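Asks:
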Amino acid sequence: MREGLYSIVGSTGIGEVADTYAVQGALPSAVVMPESEAEVAALMEYANGARYPCVVAGSGTHLDLLEPPTGDWWLLSTRRLARVVDYSPQDLVLTVGVGMTLQAVQELLRPHNQHLPWNPPLPEQATIGGIVASNRNGSWRYRFGTPRDRLLAIRAVRTDGIPFKSGAKVVKSVAGYDLHRLLCGSWGTLAVITEITLKVQPMPQAFEAVGWRVAWDALEPTLATLMRMTLEPDGITVVALKAAPDPALQPLTLSEPPQPLVLLEFSGREEAVAWQIQSLREQGYPLTSIPAEALQALRDYLAPRRHALLLQVLMRPSEVAPMLQEWSALPNVSLIAYAGSGVVYVAADEAGLTEALVQRCRALRHKYRVLRGAKWLHAQTGGELPQLHLSVGELRLMRQLKTVLDPKSALPNLV
Ligand SMILES: Cc1cc2nc3c(=O)[nH]c(=O)nc-3n(C[C@H](O)[C@H](O)[C@H](O)COP(=O)(O)OP(=O)(O)OC[C@H]3O[C@@H](n4cnc5c(N)ncnc54)[C@H](O)[C@@H]3O)c2cc1C
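By my numbering, the letter at position 185 of the sequence shown is numbered 941, and the numbering carries on one by one without gaps.
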């Protein structure tokens, strides 16, 4: 397998088999770094024909949701597919190779006073391909939507090595199915994306984050009031951290007596941001300013591989406060909620993996996703948990789609 792959990319395209490319603990037999779409196509055609399964990765920060292929498999690293293909600041449209990191893209946009309103963990590692393929999002989803909402077009390579494109480099395009949006969120299970066209936006004049502590039983009315106010925050987050592994998180950890922190982020014209913060002060909220390093440390805290268990629970925004209050008594368990979007993260260290936590998980009636510690939950509940609540119909359709686009299982499945 190695010789065949290496002969396509040459010596400069041979990567190191590093732990960061492990999928559920399994390492690839080879790491290959193509530098053009033509090389990606040749690699996929060769490997699909020879039945060597492949995992696609950017920086490999989020490979935990994939099932490792069985037998000998190889990893296609996109890190050399990192060129700027086209940037038209006057049209607010950018096309880049998938291996470019978010930080590099923001640096490219900054001199033109533009940016991508995305705030993921580890922006210096997160590649544009990884972000789009996972379609995950953070607190700013409340105001700015998901990566899919900014996606105008992609170029990609099918598992049999045939390149294709979908979408167009204009904001309005109406031709056929939105195949590019189907690939967004497909986690590298359907095709290899090589180029991405995104709608960028003007950089706001001001960014400001403020927070204050509330008693647990005041959290629900506080969130309800915030949602009803005529404010436009980028995100509304509730933070109940039991410990601060990173010193930058110190301002966000639980106070004594333990009270969660409500955190609001604003951006836009200076006077609009100032007006919104003034409105909060007039409501009597005792605001303090939250430093940018603390915000980034909070996002990085949610990157995979940091906790024994990291659950992501989805619900209606009105259900967030009651759940947080109920779960707050669990020892060694920290809670972060994107309250405006109805997403709660539950992070536990080894000491937090208790029977009480399992009982709480059993009681969840909603969808949830286990990013780590799935094995532990599985063992504790005799295989009953974790489960992702997809309907039978949805699952069947997803399997059919996978069979059509990847008939020889060249790419992995989701766990
Ligand atoms: C606004 C925002 C907030 C986020 N918040 C969080 C958060 O709180 N917690 C969190 O865990 N994540 C979050 N994410 C997601 C996370 O940042 C990205 O998924 C990750 O950083 C991608 O980086 P990577 O290069 O390491 O991807 P990788 O880990 O290498 O890949 C991620 C997935 O995409 C697939 N993939 C990668 N490149 C391609 C390609 N070219 N073609 C096809 N498939 C590909 C891989 O197979 C894998 O399944 C957020 C993302 C955004 C945009």
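Positions of the beta carbon are idealized from the N, C-alpha and C atoms, including for glycine. Just so we're clear, the structure is a prediction, and the values are computed from it rather than from any experiment.
1) According to DSSP, is Ile887 part of a helix, a strand, or is it coil?
2) Given the structure, does Ile1046 come close to ligand 1, in the sense that its CB is under 6 Å from one of the ligand's heavy atoms?
3) Determine the burial state of Glu1038: buried for a count of at least 16 other Cβ atoms within 10 Å of its Cβ, exposed for fewer.
4) If distances are taken between C-alpha atoms only, which option among Trp972, Arg984, Pro1168 and Ser1023 comes closest to Glu1012?
5) Count the CB pairs spanning the region 945-960 and the region 1156-1167 that are closer than 8 Å, and state whether there are at least three.
6) Would Val1089 and Leu1070 qualify as a contact pair, given that the criterion is a beta-carbon distance under 7 Å?
7) Quick check on the DSSP output: what are the complete alpha helix (DSSP H) runs of length 4 or more inside the region 774-843, in order along the chain?
8) Could you tell me the boundaries of the beta strand (DSSP E) in which Thr978 lies?
9) The alpha helix (DSSP H) with Lys1131 in it runs from where to where?
10) Give the DSSP bridge partners of Ile949, in chain order.
11) Using 8 Å for Cβ pairs, my map puts Ser833 next to Ala813. What's the rounded Cβ distance?
12) Roughly how many whole angstroms lie between the Cα atoms of Ser1084 and Leu1091?
13) Let me know the secondary structure DSSP gives Arg1072 once reduced to three states.
14) Could you tell me whether the region 808-827 touches the region 1052-1072, using the rule of 3 or more Cβ pairs below 8 Å?
15) Under three-state DSSP, which class holds Arg1121?
16) Taking the C-alpha atoms as reference points, what is the distance between Leu878 and Ala794?
17) When you measure from the CB of Asn804 to every non-hydrogen atom of ligand 1, does any distance come out below 6 Å?
18) What residue from Gly760, Leu1036, Gly855 and Leu1054 has the CA that sits closest to Met1175's CA?
19) Give me the Cβ distance between Val966 and Thr902, rounded to the nearest whole Å; I'm assuming they're in contact under 8 Å.
20) Taking its Cβ as the centre, do 16 or more other Cβ atoms sit within 10 Å of Met983, making it buried, or is it exposed?
21) What residue range does the beta strand (DSSP E) around Ala919 cover?
22) Note down the Cα distance separating Gln881 from Leu987, rounded to an integer number of angstroms.
23) Would the beta-carbon of Ala962 fall within 7 Å of that of Val1029?
24) In whole angstroms, what is the alpha-carbon distance linking Leu799 and Ser767?
25) Would you please state the rounded distance, in angstroms, between the beta carbons of Leu1113 and Ala1107? I believe it to be under 8 Å.
26) Quick one: grab the DSSP three-state call for Glu1150.
27) Short check: CB of Ser1023 to CB of Pro960, under 7 Å?
28) Per the DSSP calculation, Glu964 is bridged to which residue(s)?
29) When you compare the CB positions of Gln1006 and Ala1000, do they come within less than 7 Å of one another, or not?
30) Which of helix, strand or coil does DSSP assign to Tyr933?
31) Comparing alpha-carbon positions, which option in Thr851, Asn875, Gln1143 and Ile887 lies nearest Arg1121?
32) Residue ranges of each alpha helix (DSSP H) run of no fewer than 4 residues wholly in the region 1031-1103, ordered along the chain?
33) First and last residue of the alpha helix (DSSP H) that includes Val765?
34) Asn875: beta carbon under 6 Å from a heavy atom of ligand 1?
Replies: Looking at the coordinates:
1) Residue state, collapsed to three classes: helix.
2) The answer is no for Ile1046.
3) Around the beta carbon of Glu1038, a 10 Å sphere encloses fewer than 16 other beta carbons of the protein chains shown; the residue is thus reported as exposed.
4) Glu1012 has its Cα closest to that of Trp972, out of Trp972, Arg984, Pro1168 and Ser1023.
5) When Cβ pairs closer than 8 Å are counted between the two stretches, the region 945-960 is seen to touch the region 1156-1167, the count reaching three or more.
6) Cβ atoms of Val1089 and Leu1070: not closer than 7 Å.
7) The qualifying runs are 793-806.
8) Careful: Thr978 lies outside any beta strand (DSSP E), inside the alpha helix (DSSP H) at Leu975 to Arg984.
9) If you look at Lys1131, you'll find it in the alpha helix (DSSP H) that goes Ala1130 to Gln1136.
10) Answer by DSSP bridge pairing, in chain order: Ala912.
11) Contact holds; Cβ gap of about 6 Å.
12) The straight-line gap from Cα to Cα measures roughly 7 Å.
13) In the three-state DSSP reduction, Arg1072 falls in the coil class, being neither helix nor strand.
14) Flag = yes, the region 808-827 and the region 1052-1072 touch.
15) In the structure shown, Arg1121 sits in coil (DSSP, three-state: anything other than H, G, I, E or B).
16) Roughly 30 Å between the two C-alpha positions.
17) Asn804 has its CB no nearer than 6 Å to any heavy atom of ligand 1.
18) Lying before the first or after the last residue shown, residue 1175 is absent from the chain, which here runs from 757 to 1171.
19) About 25 Å separates the two Cβ atoms, so there is no contact after all.
20) Met983 should be labelled exposed.
21) What sits at residue 919 in the sequence shown is Pro, not Ala. Where Pro919 is concerned, the enclosing beta strand (DSSP E) stretches over Pro919 to Gly923.
22) Whole-angstrom Cα-Cα distance: 33 Å.
23) It is a contact, given that the beta carbons lie within the stated cut-off.
24) Going by the C-alpha atoms only, they are around 14 Å apart.
25) Contact between Leu1113 and Ala1107 does not hold, since the beta-carbon distance rounds to 11 Å and is not under 8 Å.
26) Note: Glu1150 maps to helix in three-state DSSP.
27) Going by C-beta atoms, Ser1023 is nearer than 7 Å to Pro960.
28) In DSSP, Glu964 forms a bridge with Phe1022.
29) Closer than 7 Å, so yes.
30) Residue state, collapsed to three classes: coil.
31) Of the candidates Thr851, Asn875, Gln1143 and Ile887, the residue whose Cα lies closest to the Cα of Arg1121 is Gln1143.
32) Complete alpha helix (DSSP H) runs here, min 4: 1048-1057 and 1073-1083.
33) Where Val765 is concerned, the enclosing alpha helix (DSSP H) starts and stops at Arg758 to Val765.
34) Yes; taking the cut-off as 6 Å, the Cβ of Asn875 has a heavy atom of ligand 1 nearer than that.
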